[in-house]
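Protein chains in written order, with the numbering used here: chain A, 1 to 431; chain B, 1 to 431.
By construction, the Cβ of each residue, glycine as well, lies at the ideal position given by its N, Cα and C atoms.
2 protein chains.
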Amino acid sequence: MNAYDVIRKKRDGGRLDEDEIRGFVAGALAGEVPDYQVAAFLMAVMLRGMTSGETAALTRVMLASGRALRVDDCPGPLVDKHSTGGVGDKISIPLLPVAASCGLFVPMISGRSLGHTGGTLDKLESIPGFATALDEESIGRLVRAHGGCFAGQTADLVPADRMLYALRDATATVESVPLIVSSILSKKLAEGISGVVIDVKCGRGAFMETLADARGLAGALEAAGAAMGVLVKTLVTSMDEPLGAAVGNALEIEESIRALEGRGPADVVSLTVRLAAEMLVAGALAPSVAEGEDLARRAIDSGRALERFERIVAAQGGRIDLSAPRFGLPAAPVARIVPAAGSGYLSRLDARIVGETVRELGGGRLRREDAVDPSAGIVCLKKTGDAVSAGEPLFEIHAATAAAAEAAARRLERATGFSGEPIARPSLIID
Amino acid sequence: MNAYDVIRKKRDGGRLDEDEIRGFVAGALAGEVPDYQVAAFLMAVMLRGMTSGETAALTRVMLASGRALRVDDCPGPLVDKHSTGGVGDKISIPLLPVAASCGLFVPMISGRSLGHTGGTLDKLESIPGFATALDEESIGRLVRAHGGCFAGQTADLVPADRMLYALRDATATVESVPLIVSSILSKKLAEGISGVVIDVKCGRGAFMETLADARGLAGALEAAGAAMGVLVKTLVTSMDEPLGAAVGNALEIEESIRALEGRGPADVVSLTVRLAAEMLVAGALAPSVAEGEDLARRAIDSGRALERFERIVAAQGGRIDLSAPRFGLPAAPVARIVPAAGSGYLSRLDARIVGETVRELGGGRLRREDAVDPSAGIVCLKKTGDAVSAGEPLFEIHAATAAAAEAAARRLERATGFSGEPIARPSLIID
Chain A
1 MNAYDVIRKK RDGGRLDEDE IRGFVAGALA GEVPDYQVAA FLMAVMLRGM
51 TSGETAALTR VMLASGRALR VDDCPGPLVD KHSTGGVGDK ISIPLLPVAA
101 SCGLFVPMIS GRSLGHTGGT LDKLESIPGF ATALDEESIG RLVRAHGGCF
151 AGQTADLVPA DRMLYALRDA TATVESVPLI VSSILSKKLA EGISGVVIDV
201 KCGRGAFMET LADARGLAGA LEAAGAAMGV LVKTLVTSMD EPLGAAVGNA
251 LEIEESIRAL EGRGPADVVS LTVRLAAEML VAGALAPSVA EGEDLARRAI
301 DSGRALERFE RIVAAQGGRI DLSAPRFGLP AAPVARIVPA AGSGYLSRLD
351 ARIVGETVRE LGGGRLRRED AVDPSAGIVC LKKTGDAVSA GEPLFEIHAA
401 TAAAAEAAAR RLERATGFSG EPIARPSLII D
Chain B
1 MNAYDVIRKK RDGGRLDEDE IRGFVAGALA GEVPDYQVAA FLMAVMLRGM
51 TSGETAALTR VMLASGRALR VDDCPGPLVD KHSTGGVGDK ISIPLLPVAA
101 SCGLFVPMIS GRSLGHTGGT LDKLESIPGF ATALDEESIG RLVRAHGGCF
151 AGQTADLVPA DRMLYALRDA TATVESVPLI VSSILSKKLA EGISGVVIDV
201 KCGRGAFMET LADARGLAGA LEAAGAAMGV LVKTLVTSMD EPLGAAVGNA
251 LEIEESIRAL EGRGPADVVS LTVRLAAEML VAGALAPSVA EGEDLARRAI
301 DSGRALERFE RIVAAQGGRI DLSAPRFGLP AAPVARIVPA AGSGYLSRLD
351 ARIVGETVRE LGGGRLRRED AVDPSAGIVC LKKTGDAVSA GEPLFEIHAA
401 TAAAAEAAAR RLERATGFSG EPIARPSLII D
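See below:
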């Protein structure tokens, strides 16, 4: 393998074989292929693309760069879920205990907030005492004992992904479909799973803003999965408005618990149930999505999912109190209502602006090294299609200071649109 | 200027303004923009291109990164020539004294052999004692006193080009037209010239193999020159077969001297005269190319050009003896004739294979840090279109050892083709 030749081949739109990809990635990890050659390669991949065969080869090479989790001795199917990220997307949090209480084993390796999107780890860490930095052994033990856990990526899981992602992040090559696919699948496959359900978000608050791009990514994920012999099932779901009402770390945990109590927002509950059903089908614990949905709903209605959540939180050191106000989660010192300026039907609730506003409130981060405020956030009191009268509360801002709340209120003015005519509530699941 | 945003804009095919280019290049030179971001940018430019306005802006920014030569007090027009490089292309060597003896001032900053192509500096250094590592002050003094000199790039001339070129060389982005144009023009403009004639080589032995690519580069060079307000005149010339007969350092000096003596190969002499004429027109010392050619021919016929060459060589420490065999240049220990295997008309004399063979003999280099053998090389005794009888000498190989000569002879078998029908001698100047 000559690194220059690999770059040139991809630059000219050629198809790389697995030996070339392996040699290049191994050389990069060993420090023999310098960062600048990797960066040029990433830009060539970004602009020239990769076939599903090349993407699968890159995924295998990345997977082989690390040490997979050893959880294959679990007494049931190992299936995971991944989301490409959005605003208010706390689904992993209620989903894991629902799936685990139905018999699945879910070693959910999650990520952090970045830009306008939230991160499952940051949300969970708003629970006092909750630890997400788990080693491989603890992850294995928790998954075996409770059917799942919420952990950050271990250092050894897919070192090639860490290296490539850091460079992609600095070189405007994050958006490349084959690089996204190999990054997602290598990490998920390193969990030792037999199947994964991927929620590809689409819209203003998502990484993929257009339906064509989202479908392209979904197709590439399924094709690479097929090329690797692992079951990859994708859903394309809408991310034009935030998912649920709550956006912000502790606020989303609160909403997740309410969903497990059977009183969550309709979109959060229906997406949780649907994704759980897809996972149950992938794990052969349900013969159809409809029957999977029945199982998932019964796990919630019976209280088994909530009980499982409490067990997992306790096992990871977290302290929640279901009888306390806000379940004992941290609360922001300032809460401020933003009323509607006029009357009409809410025609637009811009997920990106809401996400950016939460980030500005301290609930997210612009750079990887920034800290997040667990209590800051926004509750969207109206969703697209709702009728609103002038003066009615639209948003509830949770902020560290009155000045921050005021700035957020001004920023949110651009987040909504109104119509004189009734607006159909948009459908959540597109494909 | 945010480096990430500049990369992303070019990645998406956007047009960069001069402030963005200046900030990016200045940041890279200052070490604030890391190599890997520069590499990703270069690949984005390679695959997305640049407008002539962007190319001119990049050229200006690169030019401003260094210190231009101070030769503007010369008592005549400052005009230079550049070639994109080929095999047997020693034209700069006879051209400079011809142009200087006609009243032009030519601060010729030249390069070295790389890959299958030769380098003017390596050729001149085959002259015992000849020094090409001159500082700015020496260059200025020699140009003022003798009308020209042959020097390597000084450290301060265009530091941005050194930095970018080193990365291009490692990232398969050397072939980008806007990057080639800005590299050539920034270095030429740093010489303080008012005009430059550029010989864009086209064919098997050239960087640009197709006429379309060569014309594209020529057009981009002229457009960027126009955008910068400097006269850039291009010729597209054929580089399918080597220029002249000699390929190799000392061998090419010998042929250059013979050209100045009025007995050089027809193609070497006619291209020297044509390029000198273009330079004289660019410097307003000739009203037309035809009259410029008359002036150039008279400079050769009168012996003034040869005398000027002797003066410049002596001023740079070189020792040649026009009455000695091979002018006192180093000779290889082994000389071997390659005879023709059959009879016919020479239909092909592959410049690239000849150049690679000379490199293998030690006359060129694969890596920048390799040393070159001044005496190794090949003399092509027949050119395309010549009638050849079986057993007639085709090549004369000059080598360090008999084994090297034998390997070269075998390699040269692939360099020629024969036809039973007469072949028209190809025309040298295409555009």
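| Query | Result |
| --- | --- |
| Just to confirm the assignment, what range does the beta strand (DSSP E) spanning Glu392 of chain B have? | Neither: Glu392 of chain B is in no beta strand (DSSP E) and is coded neither H nor E. |
| Which one of A:Gly328, A:Gly248 and A:Asp350 has the shortest CA to CA distance from Arg365 of chain A? | A:Gly248 |
| Using only alpha-carbon positions, find the residue among B:Val87, B:Arg410, B:Leu231 and B:Gly27 that is nearest to Phe207 of chain B. | B:Val87 |
| Tell me the DSSP secondary structure of Ser423 of chain B in three-state form. | Per the sequence shown, the amino acid found at residue 423 of chain B is Ile instead of Ser. In the structure shown, Ile423 of chain B sits in coil (DSSP, three-state: anything other than H, G, I, E or B). |
| Name the chain B residues that come within less than 7 Å of Thr401 of chain A, Cβ to Cβ? | Simply none; closest approach about 29 Å. |
| What residues are listed by DSSP as bridge partners for His398 of chain B? | B:Ala335 and B:Gly377 |
| If you compare alpha carbons, which of B:Tyr165, B:Glu209, B:Arg274 and B:Ser389 is closest to Thr234 of chain B? | B:Arg274 |
| Note down, in chain order, all residues in the region 1-28 of chain A with a beta-carbon under 7 Å from any beta-carbon belonging to chain B. | Tyr4, Ile7, Arg8 and Arg11 |
| With a threshold of 7 Å, establish whether the CB of Ile337 of chain A neighbours any heavy atom of the ligand FAD. | What this structure holds is no ligand at all, so the ligand FAD is not there to describe. |
| Based on DSSP bridge pairs, tell me the residues matched to His146 of chain B. | In the DSSP output, where bridge partners are listed per residue, His146 of chain B has none listed. |
| From which residue to which residue does the beta strand (DSSP E) around Lys201 of chain B run? | Gly195 to Cys202 |
| Please name the residues in the region 161-174 of chain A whose beta-carbon is closer than 7 Å to at least one beta-carbon of chain B, in chain order. | Leu167, Ala170, Thr171, Ala172 and Thr173 |
| On a CA-only basis, which of B:Lys9, B:Ser389, B:Ser52 and B:Arg308 is nearest Pro178 of chain B? Give me that one, please. | B:Ser52 |
| Buried or exposed: which applies to Arg319 of chain A, given that a residue is buried once 16 or more other Cβ atoms fall within 10 Å of its Cβ? | exposed |
| Between which two residues does the alpha helix (DSSP H) carrying Lys10 of chain B extend? | Ala3 to Arg11 |
| With DSSP collapsed to three states, give me the class of Ile320 of chain A. | coil |
| In chain order, what residues of the same chain lie with their CB nearer than 7 Å to the CB of Ala40 of chain A, ignoring the 5 residues before and after it? | Ile7 |
| List the residues of chain A whose Cβ lies closer than 8 Å to the Cβ of Leu47 of chain B, in chain order. | Arg11, Met43, Ala44, Leu47 and Arg48 |
| Looking only at its own chain, which residues have a Cβ that is under 6 Å from the Cβ of Arg67 of chain B, when we skip the five neighbours before and after it? | Asp156 |
| Can you give me the start and stop residues for the alpha helix (DSSP H) that Val232 of chain B sits inside? | Taken as a continuous stretch (DSSP letters only), Val232 of chain B belongs to no alpha helix (DSSP H), being part of the beta strand (DSSP E) at Leu231 to Ser238. |
| So what does DSSP say about Met163 of chain B, is it helix, strand or coil? | helix |
| Measuring CA to CA, which of B:Ala170, B:Asp73, B:Val98 and B:Arg144 is closest to Tyr4 of chain A? | B:Ala170 |
| Out of A:Gly377, A:Ser176, A:Arg359 and A:Ser270, point me to the one whose CA is closest to Pro333 of chain A's CA. | A:Gly377 |
| Are there three or more Cβ pairs, one per stretch, closer than 8 Å when the region 385-401 of chain A is compared with the region 342-362 of chain A? | yes |
| Should Arg15 of chain B be labelled buried (16 or more other beta-carbon atoms within 10 Å of its own) or exposed? | exposed |
| Give me the Cα-Cα distance between Arg215 of chain B and Gly203 of chain B, rounded to the nearest whole angstrom. | 12 Å |
| Is it right to say Pro242 of chain A is buried, meaning 16 or more other beta carbons lie within 10 angstroms of its own, or is it exposed? | buried |
| Using 8 Å as the limit for Cβ to Cβ distance, is Val38 of chain B near chain A? | yes |
| Per DSSP, what are the beta-bridge partners of Val247 of chain B in this structure? | B:Ile378 |
| Should Ser288 of chain B be labelled buried (16 or more other beta-carbon atoms within 10 Å of its own) or exposed? | exposed |
| Quick check on DSSP: helix, strand or coil for Met50 of chain B? | coil |
| Whose Cβ in chain A lies nearer than 9 Å to the Cβ of Asp35 of chain B? | Pro34, Asp35, Tyr36 and Ala39 |
| Could you give the DSSP three-state label for Ser151 of chain B: helix, strand or coil? | First, the residue type needs correcting, since residue 151 of chain B is Ala and not Ser in the sequence shown. Three-state result, Ala151 of chain B: strand. |
| What did DSSP end up calling Ser347 of chain B once you bin it into helix, strand or coil? | strand |
| Give the C-beta separation of Gly195 of chain B and Gly283 of chain B to the nearest angstrom, bearing in mind that I take them to be a contact with Cβ-Cβ under 8 Å. | 6 Å |
| Note the first and the last residue of the continuous alpha helix (DSSP H) segment covering Ser186 of chain A. | Val177 to Leu189 |
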